[in-house]
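What follows is one structure encoded as structure tokens, with my remarks underneath.
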Amino acid sequence: MSRETEMRRNARDGGSQAETLQRWGMLLGGGALTVYALTRRRPGIALAAAGGLLAYRGATLGTTKFRARASFAINCEPETAFRMWRGLENLPIFMRHLESVRERGDGRSEWTAIGPMGKRLRWNAEITEDRENEFLAWRSTQDSDFQNWGSVEFRRAPGNRGTIVTAEMEYAPPGGALGKVAAAIFGKDPEFTMREDLRRFKALLEMREIPTTEGQPHGPRSAVMSAVHAVYPERRKPTEYSAGERVAAQRRAS
Amino acid sequence: MKAVCWMGTEKMSVETVPDPKILNPRDAIVRITSTCICGSDLHLYNGFMPTMEQGDITGHEFMGEVMEVGSGVDQGKLRVGDRVVVPFTIACGNCFFCQKQLWSLCDNTNPNAWIAEKMMGYSPSGLFGYTHMMGGYAGGQAQYARVPCADVGPLKIPEGLPDEKVVFLSDIFPTGYMGAENCNIQQGDTVAIWGCGPVAQFAIRSAFMLGAERVIAIDRVPERLQMARDGGAETINFEETDVVDFLQETTGNRGPDSCLDAVGMEASGHSLFFATDRAKQALRIKMDRAEVLRQCIRACRKGGTVSVPGVYGGFIDNIPFGAAMNKGLTFKMGQTHMMRYMRPLLERIERGDIDPSFVISHRVPIDRAPEMYRIFRDKEERCTKVVLDPWAEGARAA
Chain E
0 MSRETEMRRN
10 ARDGGSQAET
20 LQRWGMLLGG
30 GALTVYALTR
40 RRPGIALAAA
50 GGLLAYRGAT
60 LGTTKFRARA
70 SFAINCEPET
80 AFRMWRGLEN
90 LPIFMRHLES
100 VRERGDGRSE
110 WTAIGPMGKR
120 LRWNAEITED
130 RENEFLAWRS
140 TQDSDFQNWG
150 SVEFRRAPGN
160 RGTIVTAEME
170 YAPPGGALGK
180 VAAAIFGKDP
190 EFTMREDLRR
200 FKALLEMREI
210 PTTEGQPHGP
220 RSAVMSAVHA
230 VYPERRKPTE
240 YSAGERVAAQ
250 RRAS
Chain W
0 MKAVCWMGTE
10 KMSVETVPDP
20 KILNPRDAIV
30 RITSTCICGS
40 DLHLYNGFMP
50 TMEQGDITGH
60 EFMGEVMEVG
70 SGVDQGKLRV
80 GDRVVVPFTI
90 ACGNCFFCQK
100 QLWSLCDNTN
110 PNAWIAEKMM
120 GYSPSGLFGY
130 THMMGGYAGG
140 QAQYARVPCA
150 DVGPLKIPEG
160 LPDEKVVFLS
170 DIFPTGYMGA
180 ENCNIQQGDT
190 VAIWGCGPVA
200 QFAIRSAFML
210 GAERVIAIDR
220 VPERLQMARD
230 GGAETINFEE
240 TDVVDFLQET
250 TGNRGPDSCL
260 DAVGMEASGH
270 SLFFATDRAK
280 QALRIKMDRA
290 EVLRQCIRAC
300 RKGGTVSVPG
310 VYGGFIDNIP
320 FGAAMNKGLT
330 FKMGQTHMMR
340 YMRPLLERIE
350 RGDIDPSFVI
360 SHRVPIDRAP
370 EMYRIFRDKE
380 ERCTKVVLDP
390 WAEGARAA
């Protein structure tokens, strides 16, 4: 991570200093309590357990934010990659969890993510930084139920070998039913999701389409694998084909 | 359509499956006129390649006629009605690797790249009919195939050249040629080639094309050794002769300038290491038997080159890496960068320098594919290369 993005993240996380303090307080206090409980003449199991719990809570406090980061070298000019990403309405082409992004024209946009069984999660976002061909950052607006942050950096690779695109995302899972939807959408491994999104972005720019085998013929699958395929259905979106067509048409025109 | 499907270890079956459709704008659909069984398909047949799934359509050496092209295919490069040979590697044409002509390392054509990354760090290109780790693309032992990035791979074949002369441009001829090229042959060199299967046969002939003075080929199957001698090689039967001793002696204790492993992960041999390889493979502790690679490293002269076109899938052990390091060996390997070699080798065929059809031993209808896998694996019926006709009727109409 460049120092710049690191600083930006810290700025964005304003107020987290208090959180850190609280966390260390709980961790150290809980730990000390446990040590005391176990080392006094008559060890107090309940007290030790309470101390342990406090320390554990401290250790896990503030880590419930999900963060993901991925980076790919793409064989194109930074301008080309930036333009594709800056058209936020393009994002759902390669970000499978997004159903749509609608730009409102004032730097604000409406995002809809779609999860299993068609459950949707909506939020509004605003661009917080927009440096042409270099960097783009956005965050959900205060009125959104689902708080999230994203940024993407476009850096010319050493030796002029294309562009290194680094994307970051972070979200605070909301409570209740909304939290469950968010968890289902972003998965247990948001970093994997982000990596695959970015890989599709790269394919779209280089290959001019997104590679797939979904829909090809095959012989009879085993019962086990049929069940697996039923639980994890194919996830290619119809727009992935038309996106390829659009990119091909743009290339032909230019 | 009819398609050969992998249904489990040593279980191949011809199934009726839906015809392939265009799935991406740069796809084409090819009506297959000839398709082959490759030695590397036997690794699938024997169950040594991970990430195969029951029902997968196999086959990566095929040619045919273009029936349909997607809207993204450059019409200047490929049109309906073209007769084409399809390379077994799939390449996008625009990534860092494609632009460096490292076509088999294309960054974009493997939709399951993350699986390959877990195992290898980075993913090579997608391949036809060769495990889900390598893309999971339906293969070409079928009546039709979907060919992605069809404006990069398929090579148009001029009229007048029969299928059997050009179909091996899909894999084994370029693979043998690149294996020989990777030997870094200088005029007057001696090249030792392990294995006398079809890839090795092309490697033998390519080594001479590239200036080798002497080619020594190693196998134990009489008809394959004969075919190697027909190609100008001297031969060693490893059942009768200690290969490394012989190579040391015949080169005046210098060793061959290059050693080529055209065998790969299912090598046979007699050493103690071979026995442990075999045992571990049987127990599924590891996948690959590396006896040939060990011999290559020991036999190779100081400062020589080891070239590996033979397929490996995973891990190997007891590799004499100290010998490799201290003798200053160079290793060159990889899946074939097909698009680099197909056109120049087609020109050699057109000029009459070589007629690749010499490797064919069996021409059979596709319905006989399952039994031909076994016959080819067991080297029965003097089988060296099987070409399948997807459209011939009747299982016994050979």
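In order, the protein sequences belong to chains E and W. For the first sequence, numbering that gives the first Met the number 0 begins at 0 and goes up steadily by one. For the second sequence, numbering that gives the first Met the number 0 begins at 0 and goes up steadily by one. By construction, the Cβ of each residue, glycine as well, lies at the ideal position given by its N, Cα and C atoms.
Cβ-based burial, residue i [other Cβ within 10 Å; buried from 16]
i        : result
His228/E : exposed
Tyr121/W : exposed
Val230/E : exposed
Val307/W : buried
Asn159/E : exposed
Leu197/E : buried
Gly159/W : exposed
Trp148/E : buried
Ile318/W : exposed
Ser270/W : exposed
Phe314/W : exposed
Gly210/W : exposed
Val223/E : exposed
Leu406/W : As shown, chain W starts at 0 and ends at 397. That puts residue 406/W outside it, with no answer to give.
Asn404/W : Look at the range of chain W in this structure, 0 to 397, and you will see that residue 404/W is not part of it.
Asp129/E : exposed
Met83/E  : buried
Arg103/E : exposed
Arg300/W : buried
Glu265/W : buried
Gly251/W : exposed
Asp354/W : exposed
Pro17/W  : exposed
Secondary structure of residue i, DSSP reduced to three states
i        : result
Gly125/W : strand
Thr62/E  : In this prediction, Thr62/E has a pLDDT of 49, which is less than 50 and means its spatial position is unreliable; nothing more can be read from the coordinates.
Ser70/E  : strand
Glu167/E : strand
Gly351/W : coil
Tyr136/W : strand
Thr238/E : helix
Asp55/W  : strand
Trp390/W : coil
Val3/W   : strand
Thr32/W  : strand
Tyr231/E : coil
Ala49/E  : helix
Phe153/E : strand
Val16/W  : coil
Thr162/E : strand
Thr88/W  : strand
Gly38/W  : helix
Closer than 7 Å at the beta carbon, the chain W residues around residue i
i        : result
Arg198/E : Ala112
Asn132/E : In chain order: nothing, as chain W lies at least about 20 Å away.
Contact set between residue i and chain W, taken where Cβ atoms lie within less than 8 Å
i        : result
Gly243/E : Asn23, Pro24, Arg25 and Gly71
Glu208/E : Asn23, Pro24, Arg25 and Gly71
Tyr231/E : Going along chain W, no residue has its Cβ under 8 Å from Tyr231/E, so there is no contact; the nearest lies around 13 Å.
Glu195/E : Trp113
Glu205/E : Cys91, Asn93, Cys94, Asp106 and Asn107
Per-residue contacts from residue i into chain E (C-beta, under 8 Å)
i        : result
Lys164/W : Simply none; closest approach about 29 Å.
Glu14/W  : Gly218 and Pro219
Closer than 9 Å at the beta carbon, the chain E residues around residue i
i      : result
Ala2/W : Pro216, His217 and Gly218
Chain E residues whose Cβ lies nearer than 7 Å to that of residue i
i        : result
Gly75/W  : Here the premise fails: no neighbours, minimum Cβ distance about 11 Å.
Pro17/W  : Pro216
Lys20/W  : Gly214
Met264/W : Simply none; closest approach about 25 Å.
Partners in chain W for residue i, counting only beta-carbon separations shorter than 9 Å
i        : result
Lys201/E : Cys94, Asp106 and Asn107
field: alpha helix (DSSP H) runs contained entirely in the region 82 to 145 of chain E, provided each spans 4 or more residues
entry: For the region 82 to 145 of chain E, whole alpha helix (DSSP H) runs of length 4 or above, ordered along the chain, are 90 to 93.
- prompt: Going along the region 210 to 225 of chain E in order, which residues come within less than 8 Å of chain W, judged by CB to CB distance?
  reply: Answer in chain order: Pro210, Thr211, Thr212, Glu213, Gly214, Gln215, Pro216, His217, Gly218, Pro219, Arg220, Ser221 and Met224.
query: Quick one: complete beta strand (DSSP E) runs, 3+ long, within the region 177 to 261 of chain W?
result: If we require 3 residues or more, the beta strand (DSSP E) runs fully inside the region 177 to 261 of chain W come out as 189 to 193, 213 to 218, 233 to 236 and 257 to 260.
- request: Please list the segments of the beta strand (DSSP E) lying wholly inside the region 282 to 323 of chain W, counting only runs of 3 or more residues, in order along the chain.
  value: Within the region 282 to 323 of chain W, the complete beta strand (DSSP E) runs of at least 3 residues are 304 to 307.
message: Output needed in chain order: residues of the region 46 to 63 of chain W with a Cβ under 8 Å from some Cβ in chain E.
response: Against chain E - using a Cβ distance shorter than 8 Å - the residues of the region 46 to 63 of chain W are Glu52, Gln53, Gly54, Asp55 and Ile56.
field: Members of the region 83 to 97 of chain W that neighbour chain E once the beta carbon cut-off is set at 7 Å
entry: Taking 7 Å as the Cβ-Cβ cut-off against chain E, the residues of the region 83 to 97 of chain W that qualify are Cys91, Asn93, Cys94 and Phe95.
message: If the cut-off is 7 Å on Cβ atoms, which residues from the region 121 to 132 of chain W count as contacting chain E, listed in chain order?
response: Taking 7 Å as the Cβ-Cβ cut-off against chain E, the residues of the region 121 to 132 of chain W that qualify are Gly125.
query: In chain order, which continuous runs of the beta strand (DSSP E) of length 3 or greater are located wholly inside the region 326 to 387 of chain W?
result: DSSP runs (the beta strand (DSSP E)) wholly in the region 326 to 387 of chain W: 329 to 332 and 361 to 364.
task: Mind checking the region 134 to 160 of chain W against chain E and listing, in chain order, the residues whose C-beta falls within less than 9 Å of any C-beta there?
output: Those residues of the region 134 to 160 of chain W that come within reach of chain E (Cβ to Cβ, closer than 9 Å) are Gly134, Gly135, Tyr136, Ala137, Ala141, Tyr143, Arg145, Pro147 and Cys148.
task: Residues of the region 156 to 170 of chain E with a CB closer than 8 Å to any CB of chain W: list them in chain order, please.
output: From the region 156 to 170 of chain E, only Arg160 and Gly161 have a Cβ closer than 8 Å to chain W.
field: Positions along the region 61 to 77 of chain E whose CB lies within less than 8 Å of some CB in chain W
entry: Residues Ala72 and Asn74.
query: What residues from the region 217 to 233 of chain W come within 8 Å of chain E, judged by C-beta to C-beta, listed N to C?
result: Listed in sequence order: no entries.
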